[in-house]
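Using the numbering used here, you'd call the opening residue of the sequence shown number 16 and step up by one each time.
I have placed the structure first, in the form of structure tokens, so that the comments after it can refer back to it.
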Amino acid sequence: MPVLVYANFKGGVGKTTNSVMTAYQLAKKGYKTLVCDLDPQSNATHLLTRTYARQNNQSEKEFVKELNKKSKDKLSKADIDKEVEEVFKERERKQLRIKETMMLALSEGDIENAI
16 MPVLVYANFK
26 GGVGKTTNSV
36 MTAYQLAKKG
46 YKTLVCDLDP
56 QSNATHLLTR
66 TYARQNNQSE
76 KEFVKELNKK
86 SKDKLSKADI
96 DKEVEEVFKE
106 RERKQLRIKE
116 TMMLALSEGD
126 IENAI
């Protein structure tokens, strides 16, 4: 299964635009596509739901409601937001532990283990 990833640490370079447009064009050609929108702003999600809703003469709200009814998981946006927040908190905790380990090694003069 081919995987396309658009990644860059810099903002405003077209990651979301390229991801959404590539997925849209591949889907139009009949390919199964999955877009994972991990950006807290959810621009890819909003763009894709709005596009789908308009093409099917629905409001975005109606489409999301219909999608939620079909969902087996019945996750709310609040549930998803909570899970994403936990992921970011855990990442911050891990980064802090790494930093503390490096600082301890440096304070003990152990430069090799600090790097």
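C-beta: ideal position from N, C-alpha, C; glycine also.
These figures come from a predicted structure and were not determined experimentally.
Taking C-alpha positions only, arginine 69 is separated from serine 57 by approximately 18 Å.
Close CB contacts of valine 18 within its chain, under the 6 Å cut and outside five residues either way in sequence, are absent. In this structure, the CA atom of arginine 112 is about 29 Å from the CA atom of valine 20.
The residue from Gln110, Met16, Ala22 and Leu121 with its alpha-carbon nearest to that of aspartate 54 is Ala22. Within the model, the alpha-carbon separation for threonine 66 versus leucine 49 is close to 15 Å.
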